[in-house]
Structure formats: structure tokens, C-alpha cells
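As C-alpha cells, the structure follows; a few thoughts come after it.
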Amino acid sequence: MAAKTSSSPLVLAAILLISSTATTHAFNITSLLEGFPEFSSFNGYLTQTELFRQINHRKTITVLTVDNDAIGAISGRPLDAIRRIMSNHVILDYYDQIKLEGIKRRSIIVTTMFQATGIAQQMQGFLNVSKTTDGSIYFGSAMKGATQDSKLVKYVTAQPFDISILQISSPIIAPGIDVINPDLVRPPPPPPKKSPAGSKSPAEAPVADAPVAEDPFVAPVADSPAADAPAEYSPEPVAADTVTPSSSARASLSIGVAAVMGLIMSSFAA
Ligand SMILES: *[C@@H]1O[C@H](CO)[C@@H](O)[C@H](O)[C@H]1NC(C)=O
Ligand SMILES: *[C@@H]1O[C@H](CO)[C@@H](O)[C@H](O)[C@H]1NC(C)=O
896 MAAKTSSSPL
906 VLAAILLISS
916 TATTHAFNIT
926 SLLEGFPEFS
936 SFNGYLTQTE
946 LFRQINHRKT
956 ITVLTVDNDA
966 IGAISGRPLD
976 AIRRIMSNHV
986 ILDYYDQIKL
996 EGIKRRSIIV
1006 TTMFQATGIA
1016 QQMQGFLNVS
1026 KTTDGSIYFG
1036 SAMKGATQDS
1046 KLVKYVTAQP
1056 FDISILQISS
1066 PIIAPGIDVI
1076 NPDLVRPPPP
1086 PPKKSPAGSK
1096 SPAEAPVADA
1106 PVAEDPFVAP
1116 VADSPAADAP
1126 AEYSPEPVAA
1136 DTVTPSSSAR
1146 ASLSIGVAAV
1156 MGLIMSSFAA
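Under the numbering used here, the first residue of the sequence shown is numbered 896, with each subsequent residue one higher.
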């Protein structure tokens, strides 16, 4: 009895699996877009990047397409970058006119095929769909600070509830998505040349030229390494350097004043 009842969900799962495989090729994105020559460049990129295969294997998706006049923002990049950008134009859910107009919230976050690649960083794989008070719908990357200026132009075609194709005004390029190797490490800052300069400046600093002599030594120390590696290059030694020549200059000055005074005194005595 127990074995019989527990087997039925398995049978159901098997039936669902079979039916889902049967409907896998319910649509053909390439031939769907072929009906619209204004999207031929976008369609060409789906073929070049082979993304059409993944799209055709999905069950419920929305493709955000741009026309041949707007595709320029994607073109001229390495195919790998184009592939990432294009995959960010495929929403892993079905959004047609009824569903988009029915959204009550000001904005929603949707998942794209780029998120499914597993290489997306932060919110790169998500889009922000927002509505203005006049009912216009905008798309943009969900990355913090990304522009939300890609406007819904028209509902191109749909096969409820499998695939919906929407035209947007401009391609969505998530910040950093076109970078081939985001893990590039910045070169380390140059080693400090502070101590020879510091020991040199007070000894060399002439009385009159003290402020001029300081600048070439102090300026590079204060600007580059301090900003790059605050832990290693603490500002204190820099401050000490600037103090040393000026205080020694002040000391030399007072010695000079004393010498002049001595001369005056001696001239009076003579
Ligand atoms: C999809 O459509 C394209 C263009 O019409 C065609 O070349 C291709 O063979 C089709 N793919 C499938 C799997 O039917
Ligand atoms: C989505 O876009 C709208 C409109 O620009 C903005 O108000 C909202 O904060 C954005 N949401 C996220 C999570 O970035």
C-alpha cells in the first residue's frame, strides 16, 4: 500500500518530464525573428553566439530585442562579450503585454539567462523593470547605479505562455559585463622612496629656498602611495618630512639673524 502511494508522485514526475521534453522545441527564436527584418542584426548575433540553442530549450522566456539601428552599442566587441550582453536580454520568465501592464509595483527585478551562466557578478544577471507614472516601461541592469533608460518600444510577438519578444529602444549593457577578465589584479604600488628623500631634504634645504626644496619630495609621497595602500604608507612620516626642513630652516634663519646681530653689535663696538 505504502509503496503504491509513494510511487505515484514519481510517475507524475516522469510524465511531466516527458511532456516538458516533448514541448522543448515549441518555438524557434531564429525563425520567429526572421519575420521581422528590422531585427536581423540581433538575430544574427543569436546565431553567431549560439544563444539560439539555449533559448529554444527554454520553456517560458522573454527576449528583449533591439532593431538594426540600435544594435551598434553591442557591435564591435569580442564575441565572448557580445554573448554575455545578448544573454542578459533573455528573461527567464514570460512577460507579455497583459503581464507587464498588470505589474502593480513601480519596479520589479527579473532574472536573465546571463545569471544562469554562473559567471555574473553582483546583480549583473538581473534586470530592473520599472514603470513611470504615465505607464511607460523601462528596462535596465539591476546593478547599482546602472542607467534605466531602455524603453519598451513594442510588443513584437508572443506564443503564450512560452515565448514573448519585446522591442526595447537600446541594448542593456550591465556595468562590467563586457570585461573579459574581471579578476585582473592591479599592479602593486611602487616601493616607497621616502626615507632617502627624507634624510636628504633637511640636510640640503637651504635657508631661503626651503619651501621650494620641499615640494618635489613631498608631493609624490602624499599623492600616489598614500591613496593606493593606506596601511603601508601612513601619512605621519610625510608630515615629519615636511616639518623637518622647515624647522631646520627656521633654526638656520635664527642662527643667521643672530650672526647679523653679532656683526651689527661688533661694528658698534668698533
Ligand atoms: C529554426 O529556424 C531556422 C531559420 O528558419 C532554421 O534554419 C532552423 O533549422 C530551425 N531550427 C529548428 C530546430 O527547427
Ligand atoms: C529600478 O529602477 C527604478 C527606476 O529608475 C528605480 O527607482 C529603482 O530604485 C530601481 N531598483 C533597483 C533595485 O535598482
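Ideal Cβ positions, reconstructed from N, Cα and C, are used throughout, including at glycine.
Exercise. Since F1021 sits in a beta bridge, which residues does DSSP pair it with?
Worked result: By one-based count along the sequence shown, residue 1021 stands at place 126. Per DSSP, T1006.
Problem set entry | Residue list, Cβ distance to ligand 2 heavy atoms smaller than 5 Å | S1002, N1023, S1025, Q1043
Problem set entry | Coil, strand or helix - G971 by DSSP | The residue you call residue 971 lines up with position 76 of the sequence shown. Under the three-state reduction of DSSP output, G971 falls in the coil class, being neither helix nor strand.
Exercise. What number of angstroms, rounded off, separates the C-alpha of T957 from the C-alpha of Y989?
Worked result: What you label residue 957 is simply residue 62 of the sequence shown in a count that begins at 1. What you label residue 989 is simply residue 94 of the sequence shown in a count that begins at 1. About 5 Å.
Exercise. Hey, would you say the C-beta of S936 is under 8 Å away from at least one heavy atom of ligand 1?
Worked result: One-based indexing of the sequence shown puts residue 936 at position 41. S936 Cβ: outside cutoff for every heavy atom of ligand 1.
Exercise. Using the beta carbon as the reference atom, which residues fall closer than 5 Å to any heavy atom of ligand 4, ordered along the chain?
Worked result: In terms of ligand content, the structure shown lacks ligand 4 and carries ligand 1 and ligand 2 instead.
Problem set entry | Nonlocal neighbours in the same chain, by C-beta distance under 7 Å from S982, ignoring five residues either side | Translated into the one-based positions of the sequence shown, residue 982 becomes position 87. If we look at S982 and ignore the five residues flanking it on each side, its Cβ neighbours are L946, T1007, M1008, F1009, T1012.
For this session: Give the DSSP bridge partners of I1032, in chain order.
Result: Residue numbering aside, residue 1032 sits at position 137 when the sequence shown is read from its first letter. DSSP output for I1032 lists K1026 as bridge partner(s).
Problem set entry | Extent of the continuous alpha helix (DSSP H) run through S1064 | Position 169 of the sequence shown, counting from 1, holds the residue named residue 1064. No alpha helix (DSSP H) contains S1064, which DSSP labels as neither H nor E.
For this session: Could you tell me which of H952, I1003, S970 sits nearest to V1024, measuring between CA atoms?
Result: The residue labelled residue 1024 in the question sits at position 129 within the sequence shown. Residue I1003 is the option with its Cα nearest to V1024.
Exercise. In terms of DSSP beta bridges, what is A959 paired with?
Worked result: Your numbering for residue 959 matches position 64 in the sequence shown. First, the amino acid is wrong: residue 959 is Leu here, not Ala. In DSSP, L959 forms a bridge with L1061.
Exercise. Do I1032 and L974 have their CB atoms nearer than 9 Å?
Worked result: The sequence position of residue 1032 within the sequence shown is 137, counting from 1. The sequence position of residue 974 within the sequence shown is 79, counting from 1. No.
Exercise. Going by Cα to Cα distance, which pick from G930, T944, I980 is closest to P1066?
Worked result: Residue mapping note: residue 1066 aligns to position 171 of the sequence shown, counting from 1. P1066 has its Cα closest to that of I980, out of G930, T944, I980.
Exercise. Which residues in the same chain as P1055 place their Cβ atom closer than 8 Å to its Cβ, once the five residues preceding and following it in sequence are excluded?
Worked result: Position 160 of the sequence shown holds residue 1055. Excluding residues within five positions, the ones whose Cβ falls inside 8 Å are Y989, D991.
Exercise. Nearest CA to the CA of L1047: which residue from Q1017, L959, A1015?
Worked result: Residue 1047 sits at position 152 when you count from the first residue of the sequence shown. Cα-wise, what sits closest to L1047 is L959.
Exercise. Using a Cβ-Cβ cut-off of 7 Å (strictly less than) and excluding sequence neighbours within five positions of A965, which residues of its own chain qualify?
Worked result: As a working note, residue 965 is residue 70 in the sequence shown. So the qualifying residues of the chain are S1064, S1065, P1066.
Exercise. In the DSSP assignment, what are the bridge partners of D1041?
Worked result: Taking the sequence shown and counting its residues from 1, the one referred to as residue 1041 is at position 146. The amino acid occupying residue 1041 in the given sequence is Ala; Asp does not appear at that position. Paired residues: none, contrary to the question.
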